[in-house]
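In terms of my numbering, the sequence shown opens at residue 7 and continues consecutively.
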Amino acid sequence: MLVLFETAAGFAVFRLLDEKKLQQVDNLFEHFETPEKASKIVQLQEFKKFADSADALQAGVALNEGKVCKPLKKLLKKVFAEEAHKQLMVWDAKLGNAIKDKVGVQCVTNTAVGELMRCIKSQVEGLIPGLQEKELAAMSLGLGHNLARYKLKFSPDKVDTMIVQAISLLDDIDKELNNYTMRTREWYGWHFPELGKIITDNQSYVRTVMHMGTRDKAATCDFSEILPEEIEEKVKEAAEVSMGTEIADEDILNITCLCEQVLELTEYRAQLYEYLKNRMGAIAPNLTIMVGELVGARLIAHAGSLINLAKHPASTIQILGAEKALFRALKTRHATPKYGLLYHAQLVSQTSTKNKGKMSRMLAAKTALACRYDALGEETTTEMGIENRSKLASRISMLEQGYSRRISGRGKTEAKFEKHIGVSEVKEYSASADSTLPSTSKHQFDESFEAPPTKKIKVEMLETEGTPETSGEKKKKKKKKQQQQQQEGEAAEAQEVKVEVKQEAAEAMETVTGEKKKKKKQQQKGKAAEAQEVKMEVKEEAAEAMETETGEKKKKKKKKKLVAEEAE
Numbered sequence: 007m008l009v010l011f012e013t014a015a016g017f018a019v020f021r022l023l024d025e026k027k028l029q030q031v032d033n034l035f036e037h038f039e040t041p042e043k044a045s046k047i048v049q050l051q052e053f054k055k056f057a058d059s060a061d062a063l064q065a066g067v068a069l070n071e072g073k074v075c076k077p078l079k080k081l082l083k084k085v086f087a088e089e090a091h092k093q094l095m096v097w098d099a100k101l102g103n104a105i106k107d108k109v110g111v112q113c114v115t116n117t118a119v120g121e122l123m124r125c126i127k128s129q130v131e132g133l134i135p136g137l138q139e140k141e142l143a144a145m146s147l148g149l150g151h152n153l154a155r156y157k158l159k160f161s162p163d164k165v166d167t168m169i170v171q172a173i174s175l176l177d178d179i180d181k182e183l184n185n186y187t188m189r190t191r192e193w194y195g196w197h198f199p200e201l202g203k204i205i206t207d208n209q210s211y212v213r214t215v216m217h218m219g220t221r222d223k224a225a226t227c228d229f230s231e232i233l234p235e236e237i238e239e240k241v242k243e244a245a246e247v248s249m250g251t252e253i254a255d256e257d258i259l260n261i262t263c264l265c266e267q268v269l270e271l272t273e274y275r276a277q278l279y280e281y282l283k284n285r286m287g288a289i290a291p292n293l294t295i296m297v298g299e300l301v302g303a304r305l306i307a308h309a310g311s312l313i314n315l316a317k318h319p320a321s322t323i324q325i326l327g328a329e330k331a332l333f334r335a336l337k338t339r340h341a342t343p344k345y346g347l348l349y350h351a352q353l354v355s356q357t358s359t360k361n362k363g364k365m366s367r368m369l370a371a372k373t374a375l376a377c378r379y380d381a382l383g384e385e386t387t388t389e390m391g392i393e394n395r396s397k398l399a400s401r402i403s404m405l406e407q408g409y410s411r412r413i414s415g416r417g418k419t420e421a422k423f424e425k426h427i428g429v430s431e432v433k434e435y436s437a438s439a440d441s442t443l444p445s446t447s448k449h450q451f452d453e454s455f456e457a458p459p460t461k462k463i464k465v466e467m468l469e470t471e472g473t474p475e476t477s478g479e480k481k482k483k484k485k486k487k488q489q490q491q492q493q494e495g496e497a498a499e500a501q502e503v504k505v506e507v508k509q510e511a512a513e514a515m516e517t518v519t520g521e522k523k524k525k526k527k528q529q530q531k532g533k534a535a536e537a538q539e540v541k542m543e544v545k546e547e548a549a550e551a552m553e554t555e556t557g558e559k560k561k562k563k564k565k566k567k568l569v570a571e572e573a574e
């Protein structure tokens with residue numbers, strides 16, 4: 007069997023001398039302790055050296071992807087032309103399948119092959135003649151760096167550090183330009199104060215000062231290339247009646263030098279902006295489409311890099327640049343800020359004040375997706391950014407108009423929606439459950455009696471959007487009228503049935519209440535009669551008791567009288 011071994015210097019094919027050793031995988035390392043022992047197990051048959059680092063990189067990339075490169079293909083054809091019956095042991099099963107398809111060689115991949123490869127790697131300098139350890143280490147290190155660059159797809163155009171430095175320098179230049187322009191206006195204002203109110207543009211002001219010099223030369227100067235005719239006339243008129251002080255030529259010279267610096271900085275700023283614009287288009291095209299070059303560059307600079315910005319969630323991107331306001335709000339328990347650097351984006355700035363918070367939240371979500379697509383995507387296309395920006399633009403129009411539009415569905419035909427209203431069966435209270443007395447009417451308290459069933463009313467709501475009149479609209483209107491008439495008729499019938507049921511229930515309730523009153527009156531009369539009878543009996547008993555008492559008293563008196571008479 008043959009063994010394919012890859013090194014940083016080239017491809018090597020070894021012949022396995024003793025195949026029985028592979029059966030004892032656990033003790034295989036003992037046979038590779040020294041180069042002499044290793045040479046008894048494997049023997050170098052062919053070695054294909056790389057011509058340069060480019061060939062090594064190409065071969066390494068092909069091996070990583072499981073493909074067969076040209077040097078390896080030539081080597082295998084040369085070896086197996088002599089020994090076609092041999093099998094080839096390879097490290098990677100994917101590479102073995104590719105070799106089998108391209109060259110037609112049967113490949114073997116298992117744990118024993120992996121252990122054999124590790125043992126060969128430990129003694130590769132002794133097994134391959136002319137290969138030194140230092141040279142192999144240097145080759146391996148160089149090939150490793152090249153492979154890492156290839157895996158990361160390293161490109162000098164994708165360096166976001168340049169964006170961070172460029173936007174920082176651009177902000178510094180803006181500050182210096184403001185300071186220089188303000189200093190120029192104040193300095194020259196002592197000599198010609200009226201010029202500052204007439205010319206408001208800084209560039210025009212600086213060019214006018216450089217071209218004119220002292221104000222007494224204004225009448226002879228031609229400002230047609232710098233100022234329009236109306237402003238030129240005002241400048242010349244104001245120069246004749248100016249209230250400024252006189253200055254020396256040395257002062258004018260220094261002011262002119264300052265004006266030159268302002269113009270140079272302005273030109274360099276325009277050049278730097280173009281550079282930043284091109285760099286942002288190359289590194290983060292989708293982010294540039296969403297928020298613009300300046301805001302996108304400031305977000306990258308604030309996060310540190312495009313990768314760091316891609317790691318941030320949308321809620322963090324929304325308030326980047328407003329950290330002080332956020333922590334102050336958290337400390338004082340007030341409302342947190344709704345936007346930071348995104349406030350200067352076009353989509354947020356063109357929105358009304360009440361919708362800026364919503365727009366900044368939606369823009370932050372789409373910006374987070376754009377950053378991740380630019381930083382981690384394999385292909386940098388602008389389709390995603392353009393699509394998301396169009397969605398946000400349509401959302402702005404919906405928010406501003408105060409309603410949402412249907413984006414999908416049939417646009418030209420009428421949109422019809424049927425609104426379902428569930429009508430449940432009407433359950434009424436049974437009046438027969440109130441009384442246990444026998445009923446006098448035929449069916450008022452009969453449990454088997456059922457009221458006539460009520461008809462269910464079907465309600466169909468048609469919601470149509472306004473469309474131009476067509477020939478079919480008249481038919482639709484007729485159908486609507488017929489449906490409305492049917493609905494009105496059904497509703498009237500249902501109301502009549504309900505009224506009849508209510509009347510019958512009311513009659514039943516009246517009869518029940520009348521019988522109850524009669525019962526109560528009869529009971530009251532019986533109780534009153536019984537009470538009167540009891541009272542009469544009590545009175546009679548009392549009278550009898552009084553009569554018996556009076557009779558006894560009379561008898562006692564008679565006895566006393568008789569006793570008294572006898573005593574006399």
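Built from N, CA and C at the ideal position, the CB exists for glycine as well.
CB contact flag (residue i, residue j, <8 Å)
i                 : j                : result
cysteine 377      : leucine 326      : no
valine 31         : alanine 118      : yes
lysine 364        : methionine 296   : no
isoleucine 289    : aspartate 207    : no
phenylalanine 198 : serine 230       : no
leucine 305       : glutamine 324    : no
isoleucine 179    : tyrosine 274     : yes
alanine 341       : serine 146       : no
leucine 133       : alanine 44       : yes
glutamine 209     : threonine 251    : no
leucine 369       : alanine 316      : no
alanine 68        : phenylalanine 56 : no
lysine 79         : valine 114       : no
methionine 7      : glutamine 93     : yes
leucine 101       : glycine 72       : yes
Residue i beta carbon near the ligand NAP (any heavy atom closer than 7 Å)
i          : result
valine 297 : The ligand NAP is absent from the structure shown, which contains no ligands of any kind.
Assigned exposure category for residue i - 16 Cβ within 10 Å defines buried
i                 : result
serine 366        : buried
phenylalanine 11  : buried
phenylalanine 333 : exposed
alanine 640       : Absent from the model: residue 640. The displayed extent of the chain is 7 to 574, so no value can be given.
aspartate 621     : A query on residue 621 cannot be resolved here, the shown segment of the chain reaching from 7 to 574 and no further.
glutamate 469     : Only weak support is given to the placement of glutamate 469: the predicted model assigns it a pLDDT of 42, under 50, and the question is left unresolved by the model.
valine 578        : Here the chain has residues from 7 to 574 only, and residue 578 is not among them.
cysteine 125      : buried
glutamine 166     : Strictly speaking, residue 166 in this sequence is aspartate, with glutamine absent from that position. Label assigned to aspartate 166: buried.
leucine 81        : buried
glutamine 501     : exposed
threonine 312     : Looking at the sequence provided, one finds leucine at residue 312 rather than threonine. Buried: at least 16 other Cβ atoms inside 10 Å.
Best match in the options for proximity to residue i [C-alpha to C-alpha]
i              : options                           : result
lysine 83      : Thr214, Leu69, Gln112 and Glu121  : Gln112
tyrosine 186   : Glu36, Thr387, Glu266 and Asn314  : Glu266
isoleucine 261 : Gln324, Glu39, Arg213 and Ala225  : Arg213
leucine 175    : Gln490, Ala537 and Gln277         : Gln277
serine 403     : Thr357, Val67 and Val215          : Thr357
glutamate 182  : Lys140, Lys485 and Val268         : Val268
glycine 346    : Asn116, Val301 and Gly150         : Val301
alanine 60     : His151, Glu239, Gly408 and Trp97  : His151
alanine 331    : Gly202, Pro343, Thr322 and Ser321 : Pro343
glutamine 29   : Glu499, Lys127, Gly120 and Gly136 : Gly120
Contacts around residue i, its chain only, beta-carbon distance under 7 Å, and the 5 residues preceding and following it disregarded
i              : result
aspartate 24   : Ile47
glutamine 49   : Phe20, Arg21 and Leu23
methionine 218 : Ala224 and Cys227
glutamine 352  : Gly298
proline 319    : Ala374
histidine 308  : Leu326, Gly327 and Leu347
Spatial neighbours of residue i in its chain, beta-carbon cut-off 6 Å, leaving aside the 5 residues before and after
i             : result
leucine 405   : Asn361
arginine 401  : none
threonine 554 : none
leucine 63    : Asn152
Whole-Å CB distance - residue i paired with residue j, under 8 Å assumed
i              : j                : result
tyrosine 281   : alanine 172      : 6 Å
lysine 54      : phenylalanine 17 : 5 Å
isoleucine 237 : isoleucine 258   : Not really, about 22 Å apart at Cβ, beyond 8 Å.
leucine 264    : arginine 189     : 7 Å
valine 9       : leucine 149      : Wrong, their Cβ atoms sit about 21 Å apart, outside the cutoff.
tryptophan 196 : isoleucine 232   : Their Cβ separation, rounded to whole angstroms, is 22 Å, which puts tryptophan 196 and isoleucine 232 out of contact at 8 Å.
lysine 26      : histidine 37     : Lysine 26 to histidine 37, Cβ: 11 Å. No contact.
threonine 359  : proline 291      : No, threonine 359 and proline 291 are not in contact; Cβ-Cβ is about 31 Å, not under 8 Å.
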